[in-house]
Structures are given as C-alpha cells and as structure tokens.
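Trainee:
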Amino acid sequence: MRIGDAKQSYEADEAIWTSSTQKIWFAALLLTLAVFPFIADAYLLYLGCLVGIAVISTTGLNILTGFTGLISLGQAGFMGVGGYTVAWLSMNTALPFPVTLLLAGLLAAAVGILVGLPSLRVKGLYLAIATLAASVFLHFIFAEWESVTGGMGGLSLEPAHLFGLTFQSDFGMYFIIVPLAVLMVFAAKNVFRTRIGRAFIAIRDRDISAEILGINLLRYKLMSFALSSFYAGVAGGLFAYFYRVVTPESFPLSMSIFYLAAVIVGGMGNLLGGILGAAFMTLIPEVLKLLTAALTPFYPNAPIFMSPMLEIIFGALIVGFLIFEPHGLAEIWHRIRRFFSIWPFRN
Amino acid sequence: MDWLFFGEISLAGLAMGGLYALIGLGFVIIYKATRVINFAIGEIMMFAAYLFLAFAGGMEMSPWVALPLAVLGGSVLGGVIEKVMIRPMLGESSISVVMVTIGIASILVGLVEMVWGADPQLLPGFLPRKPVFIGEMYLAPKIAYGFLIGAAVLIVYLLYFRFSRGGVALRATASDQAAAYSMGINVRRVFNLAWVFGSLAASLAGVLVAATGGLSPQFGAIGLSVLVVVIVGGLDSIVGALIAGVFIGWLETVAGAYLGGEYRMPATFAVLAVILVLRPYGLFGTHEIERV
C-alpha cells in the first residue's frame, strides 16, 4: 500500500506526476515507444503508426465531446480538410512536413470555427446534426472541387520530408507520428491545467452556471471547436502522409462514428481514456483478422463473416460500454490501479 | 424548361416525400414520447425490408401475407430494442442515448449482412405494374402505389393518435411526464408502445421504399434524409414531419434530376443548415425556452 502522498499545495494537486513511481513508469513507457520500431516487425510497426494517428484524433474529439460536452459527427470531415491540405501542399510546394502539418491543423481549425458558429444558437443534438451537415458539405467539396482535390480519384502525395530526409517507410513515419502523438497528448493535458481547459469543463457541466461565472460561452465553445479540429487536421495530415493517397472515401461518416466510439469506449472526459480507446478500437479489427485466419482451416466461410462480425462487435461495444461501463476503459484501468495501490486491503 | 418533365419529376418526388413523411412520423412518435433521437430508424426499416425478402422471396409466401409479417417483425424489433437497450439509459444524457442508437444501427447492419450477405437485392414485385398517368404525367406504378399505401397508413395513425385511448396516453406523456404518471398512465408502457408504433411506421415505409429502389446493407443511410426531414419540420411535430417529409422528398428528387445525383444530399442539407441557424426548433416544433 502506498502511503504519505498527502498534498499540501495547489501546485502539488495539479501536478501531472504526483509520485516518483509514476515518473519511472512514464520514462519506461517512453523508452518502450522509442525502442519499439527496432524490435517490431513490419506489421506491428504499421499498427503502431495507425494507433498513433488514432490517438491524436481521439484526443482532439475528446477535448470537444468529452471535456466541453459538444458532440460532433464531423471529425472525419475535419481530418479530411487536414489530409487534403497536406496532399495539395506536397504536390504544389516543397514545404517540409512540420510546416504542412501545421497548416493542415490551422486550416482544419478555421473550418472547425466556421462549423462551430451555429453553437451560438443550437446545442446538444442539434449541434451534432449541424456537424453532420458540415461533414456532408465537406465530402461534397472533396468529391466535386476537382481542380484542387482531384475529384473522386483523389490525390497522391510525395513522401514527407525534412532537411533532405524523406520519410517513406512505416519505420520513418513512426518517428513522425508517435513523438507528435506524445507531444499533442501532453499539450492537451496542459490545456486542462489552465483557465481555458477549466472553462471547457465548466461549460460541459452546466453552461448557464459557466456563463454566470464569467465565461464567454461562444468564445470558449469556438475555442474548443478550433482546438479539436486542429488535432483532427494534424491527424488527417499524418493519415495522408502515411497512406500517400487521399480520396473522398478516405474520410467517410463511419470514421466520425469510429472516433466517437473510441472516445466513449475509452472514457469521455479522460485523456488516458482517449488513448486507451483509440488503441483498443484500432486493434479490434486486427485481432478479429487473426481470429479469422486461425478459424479458416476449420471453417472455410469465416472470411465472409469477418466484416459483418466487425460491425456487430463495434456496435455492441458502444452499447455495452454506455450501459455497463459509462466511464469507459479509463475507469477499468483506475480500478486495477487502485487494487494494487491499496493492496493488501480490499477496495 | 420542359414542364412535363418537371411535373413528372415533381410527382415522383412528392410520392417519395409521402414515404419520408411516414418514416418521419415514426421518428417523431418515438421522440415525442421518449425524447430519444433514433439514429437507428433507417436500420430498422432495412431489417423489416429484409424480413419481407425472406418471407416473400425465400419462403415464397404471398406478398400480402409477407408484408404484414415483415412490418410486425420490424415493430417487435423496435419494442425489444427499447426494453433491452434504451430502458437502461433512462436519465442518462441525451448524447449517450444517441450513441446507443448509433451502436444499435451498427449491430443491425452487421446482423443483416451476416444473414443475407452484402450484395444488393431486389424485392419480389408485389405492387401492380400498370403505368399510372395523372393528366399527361407518367408516374412509376411502384412509387404511386407505395405512396397510396403509405398515405392510407398515415391517416390511420393520425386518427389513432387523435381519438384512441393509447393515442391520448401518448400525447399526455409527451406534454408532461410527471402529470401523466400521476393520472395513472403507465409511462413505461407508453415508452414501449411508442417504439413499437414508431418502428411499425418505419418498417412499412422500409418495405415500400425497398420495393422501388432495391435493398442492400447500406439501405439504412436513408435515415440521414429522415433526420433532415424531422429537424426541418421540428422534432416533436407530427404536422411538421408530414410537410417537411413531402418537401424534402420533392427537393431531393428534383435536385437529383436537374443537378445530378451527387447534389441530392447537399441540397437537402443546405435547407437543414438554414433551418438550424434561423429556426433551430424547426418549422413547427415547440420552442425551447432555454437559450444559451
């Protein structure tokens, strides 16, 4: 049992790491992430990159939906804005990837503000439907503005480059995606230690009280939209660099639902939850693929049932978590931690 | 401008709109009674249409036996969904409940694909094939008769909610839950019945729409058009759903015919966006007092 961690100052309470044990574990995690690409095979590396992109996007959506309480069905659209920005820049300019990704994020944030504007008048589910409308329009623009987006055929990209280095393989992309993911999760963590982040939470918990406390609702809601779509834009840009091609079908509505599901399964309003949810939801299809491959020798029809099975599992996870574990994987994680930290006593 | 062509397209659009109105009615019934936005309504329609396919195509029943059975199946599904998955969410935030219905939609798509496969299918024809002319204008018979059946059921629904005991209970629950409860109305039963009746309307429309346009596991995407209908009309307004349904069906068909199929969705969603900014509660919805 861990004892003696009573806090005496506000700073101590707000600290990211409250004990040296946590610091050690975190250092170990960073080390693992750094060593991972050298020991993992190509497939694991590919999965690592996918999880990294999903973590960035899920964290962004978590800021909006989990912390500010504004539900969005437009996440895939914002990612598309980022992806197309990066694709267009890589074809028409020679800018290195940090610049293109930043521009992708900023443009997505601008679109996010535009989409968030109705939040002045509508909220809750109406807002969700406004974001749905936005994603329909964005999809339409991606498909029809052929001179810029290449129409239904989409765009293919040059590999990401910086200082003469090109990042062509998954191995190279891993060293862009994962450090960026760590950085952006950290940035989000710090946002919630400032006035801005606390204002988001206040708006989520009760918007009227938040307004009475002096929070300018429109401003902070738009800020939340901008921040969230910035994350989505960067994730979309990485997505474009990773697959080296973007089409309107790269960012379907089901992708927005996927990220909402990741936030819910992970735990709304919890950054750790966002990470766990993103990893969990990304890896489920892969686990199912492995299972299918294992079953095929005994049951040759197995591959036909894989994609519908995935839909069912996906839906069942959303429903199941919402009914039985509304705080998501993060809560399960905390329960496990609590068990060990107060051992040998019972919870 | 070719007025005959415009008239024919408009007529087809209005008939399609009649079916949208029927689906919208199902949506509004559920929303009015239980305050649940049902994103799974398109998938409930799809499920009923596949049931019809199984009964009429697979088991070779007469379509006029298969149709009621399929619709019954769809409404039982609605009732079961309410009991098993929506009831435990009572009192949770509306976002969570919406996400549950999205999850249900995903489960239904998976189930249907598992049983009937992912390929598009045609329903056995059961509506008369004789072409319909209104004045000079030709109307595809499937659409015309689909509209007639849909309109007849719509009228039955409206009369039922106006005059029957169950309809009064439903309207009472919608306007004040606590008062309805204290007057001895079994609110839980009303919730369940709302889902059953809402799904019934949607299921019938599902079979009729699938009979004209074919059926595939992506069929549920029609739910998005219905979402536009109910938001434009006002989530809790039956009249709104009827008028907006006809209008959106017309707009979608006309935009598709004159501008091309890719303009169908943007056209209706543009109307949706304007309505959301100017009258978020819809054309006929109840004004919400809370304004933040």
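Taken in order, these protein sequences are the chains called A and B. For the first sequence, our numbering puts the final residue at 1383, and the numbers step up evenly by one. For the second sequence, our numbering puts the final residue at 306, and the numbers step up evenly by one. Beta carbons are placed, not taken as given, at the ideal position from N, Cα and C, and that holds for glycine.
1. Count the other CB atoms, across all protein chains shown, that sit within 10 Å of the CB of Arg305 of chain B; report buried if there are 16 or more and exposed otherwise.
2. Who are the neighbours of Ala1268 of chain A on chain B, taking C-beta pairs under 9 Å?
3. Where does Ile303 of chain B land, buried or exposed, given buried means 16+ other C-beta within 10 angstroms?
4. Got a sec: is the Cβ-Cβ distance from Leu1100 of chain A to anything in chain B below 8 Å?
5. Using the three-state DSSP reduction, which class does His301 of chain B fall into: helix, strand or coil?
6. Could you please give me the residues that DSSP links to His1197 of chain A through a beta bridge?
7. Please classify Phe1316 of chain A: does DSSP put it in a helix, a strand, or coil?
8. Say whether chain A places a C-beta atom closer than 8 Å to the C-beta of Ile303 of chain B.
9. How many Å lie between Arg179 of chain B and Tyr295 of chain B at the Cα?
10. For chain B, find out if any of its Cβ atoms is closer than 8 Å to the Cβ of Tyr1162 of chain A; answer yes or no.
11. For Ala287 of chain B, which of B:Val253, B:Phe20, B:Ile163 and B:Val246 has the nearest alpha-carbon?
12. Between the C-alpha atoms of Ala1146 of chain A and Asn1128 of chain A, what's the straight-line distance to the nearest angstrom?
13. Using a 10 Å radius around the Cβ and a threshold of 16 neighbouring Cβ atoms, would you call Arg1231 of chain A buried or exposed?
14. Quick one: what does DSSP say Ser1093 of chain A is sitting in, helix, strand or coil?
15. Tell me which residue opens and which closes the beta strand (DSSP E) that Val260 of chain B is part of.
16. Taking DSSP as the reference, what is the three-state secondary structure of Phe1375 of chain A?
17. Confirm, please, whether the CB-CB distance from Leu1253 of chain A to Asp1243 of chain A is below 8 Å.
18. Which chain B residues are close to Met1345 of chain A, counting only those with a beta carbon under 8 Å from its beta carbon?
19. Of the residues that make up the region 1205-1236 of chain A, which ones have a beta carbon closer than 7 Å to any beta carbon in chain B?
20. Tell me Val1281 of chain A's beta-bridge partners as DSSP assigns them.
21. Which chain B residues sit within Cβ distance under 9 Å of Gly1250 of chain A?
22. Go ahead and pull the three-state DSSP assignment for Tyr295 of chain B.
23. Under a three-way DSSP split, which group does Val1071 of chain A fall into?
24. Is the closest heavy atom of the ligand FMN to the C-beta of Tyr1082 of chain A under 7 Å?
25. Kindly list, in the order they appear in chain B, the residues whose Cβ is closer than 8 Å to that of Ala1391 of chain A.
26. Keeping to the same chain, check which residues put their C-beta closer than 7 Å to that of Ile116 of chain B; ignore five residues upstream and five downstream.
27. Check whether the Cβ atoms of Asn206 of chain B and Gly93 of chain B lie closer than 8 Å to each other.
28. Using a Cβ cut-off of 7 Å, which residues of the region 253-284 of chain B contact any Cβ in chain A, in chain order?
29. Pick helix, strand or coil for Ile148 of chain B, following the three-state DSSP scheme.
30. So, is the C-beta of Leu1324 of chain A closer than 8 Å to a C-beta in chain B?
31. Between Leu33 of chain B and Ala1224 of chain A, what straight-line distance do the alpha-carbon atoms span, to the nearest angstrom?
32. Could you give the distance in angstroms between the alpha-carbon of Lys1043 of chain A and the alpha-carbon of Ala132 of chain B?
33. Ignore the nearest five residues each way along the sequence and tell me which others in Thr1202 of chain A's own chain have a CB closer than 6 Å to its CB.
34. Which class does Gln135 of chain B belong to by DSSP, given the choice of helix, strand or coil?
35. Using the Cβ count rule (16 or more neighbours within 10 Å means buried), how would you classify Pro1336 of chain A?
36. What would DSSP say about Leu249 of chain B, mapped onto helix, strand or coil?
Mentor: So, to answer that:
1. Below a pLDDT of 50, predicted positions are generally treated as unreliable, and Arg305 of chain B, at 46, falls in that range; the measurement from the model is reported next regardless. Answer is exposed; the Cβ neighbour count stays below 16.
2. Those do not exist, as Ala1268 of chain A stays about 19 Å from chain B at its closest Cβ, beyond 9 Å.
3. Any reading at Ile303 of chain B must be qualified, since the residue scores a pLDDT of 48, below 50, and its modelled position is unreliable; no value is offered.
4. no
5. Here His301 of chain B sits in coil by DSSP.
6. In DSSP, His1197 of chain A forms a bridge with A:Thr1202.
7. helix
8. Unreliable positioning characterises Ile303 of chain B in this predicted model, as indicated by a pLDDT of 48, which lies under 50. The coordinate reading is nonetheless provided below. Residue-level contact by beta carbon fails for Ile303 of chain B and chain A, as no gap is shorter than 8 Å.
9. 29 Å
10. yes
11. B:Val246
12. 21 Å
13. exposed
14. In the structure shown, Ser1093 of chain A sits in a helix (DSSP, three-state: H, G or I).
15. Looking at the DSSP string, Val260 of chain B is not in any beta strand (DSSP E); the run it does join, the alpha helix (DSSP H), is Ile252 to Leu273.
16. helix
17. Taking C-beta atoms as the reference points, Asp1243 of chain A and Leu1253 of chain A count as a pair closer than 8 Å.
18. Gly124 and Met128
19. Residues passing the 7 Å Cβ filter: none.
20. A:Ser1192
21. Ordered by position in chain B, no residue passes the 9 Å Cβ test against Gly1250 of chain A, which lies about 15 Å from the chain.
22. Look at Tyr295 of chain B here: in three-state DSSP terms it is coil, with no helix or strand label.
23. helix
24. The model on display carries no ligand, and the ligand FMN is accordingly not part of it.
25. In this structure chain A extends from 1037 to 1383, so residue 1391 of chain A is not present and cannot be described.
26. Phe53
27. In this structure, Gly93 of chain B lies closer than 8 Å to Asn206 of chain B by Cβ.
28. Glu276, Met279, Pro280 and Phe283
29. strand
30. no
31. 47 Å
32. 59 Å
33. Pro1195
34. strand
35. exposed
36. coil
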